[in-house]
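Chemist: Be aware that the sequence shown starts at 13, since it is given in my numbering, and climbs by one per residue. Before I ask anything, here is the structure I am working with.
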Amino acid sequence: MATNFTTADLIDDHGDTLRSCSTQFRRYGGHDVFSGPIRTVRCHEDNGLVKRILATPGEGAVLVVDGNGSLRTALMGDMIAASAVENGWAGVVVNGAVRDTVALAGLELGVKALGSNPRKSLKDAAGRADVPVTFGDVTFVPGEWLYSDHDGIVVNATRL
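Rendered as structure tokens:
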């Protein structure tokens, strides 16, 4: 996981080849700067697939979770995030809510989400994994690269 970049410098250096996510996320994890190849989950108020995928070897990847922007239930909490750390994930971006935010801040993981909610989600594993997901004017394609810092998130087709 490279952390020697800023998204502003990447935009300056690579211009329109990068896609900049317009969604205004909050930072929750212990790593403010993170990057890696993209994996995806599309789900709605059900974190079963998120839990299942983050329990597999991450190899420095970033899981992008499209929770449809719902803030009604959390799609990740401290136990799932700890599993992500144990399995070598670089970060998780949630277009939805997380919980256990104090614990998330102490983990060696990049975490961005729209907000927080203590309510648990469903556990049916409903949804789809490793499919393109779109939010914030960006389509996140599995295998492409995500770069995240204090200024935002940018995506490129290949590693920079």
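Glycine included, C-beta positions come from ideal geometry on N, C-alpha and C. These figures come from a predicted structure and were not determined experimentally.
Whole angstroms is fine: what's the gap from V76's alpha carbon to P144's?
Modeler: Their Cα atoms are separated by approximately 10 Å.
Chemist: Cα separation between D28 and D161?
Modeler: Cα to Cα, D28 sits roughly 18 Å from D161.
Chemist: Would V74 and V104 qualify as a contact pair, given that the criterion is a beta-carbon distance under 8 Å?
Modeler: Taking 8 Å as the Cβ cut-off, V74 and V104 qualify as a contacting pair.
Chemist: If you follow the alpha helix (DSSP H) that G60 is in, where does it begin and where does it stop?
Modeler: Residues G60 to L66.
Chemist: Helix, strand or coil for L75, going by three-state DSSP, please let me know.
Modeler: Three-state result, L75: strand.
Chemist: CA-CA distance, L22 and N168?
Modeler: When rounded, the distance between both Cα atoms is 10 Å.
Chemist: For F152, decide whether its Cβ has a neighbour in chain D, counting only Cβ atoms nearer than 8 Å.
Modeler: The structure shown contains no chain D; it holds only a single protein chain.
Chemist: Mind checking whether V97 and L116 have CB atoms under 8 Å apart?
Modeler: Taking 8 Å as the Cβ cut-off, V97 and L116 do not qualify as a contacting pair.
Chemist: Starting from T15, trace the alpha helix (DSSP H) in both directions and tell me its first and last residue.
Modeler: T15 -> no alpha helix (DSSP H), and no H or E assigned at all.
Chemist: For the beta strand (DSSP E) containing L126, list its first residue and its last residue.
Modeler: From DSSP, the beta strand (DSSP E) with L126 extends over G122 to S128.
Chemist: Using the DSSP secondary-structure output, state which residues sit across from N107 in a beta bridge.
Modeler: Partner(s): D78.
Chemist: Which residue's Cα is closest to the Cα of N129: E156, L172 and D112?
Modeler: Looking at the Cα atoms, D112 is the closest of the given residues.
Chemist: Roughly how many whole angstroms lie between the Cα atoms of A102 and R171?
Modeler: Cα-Cα distance, rounded: 14 Å.
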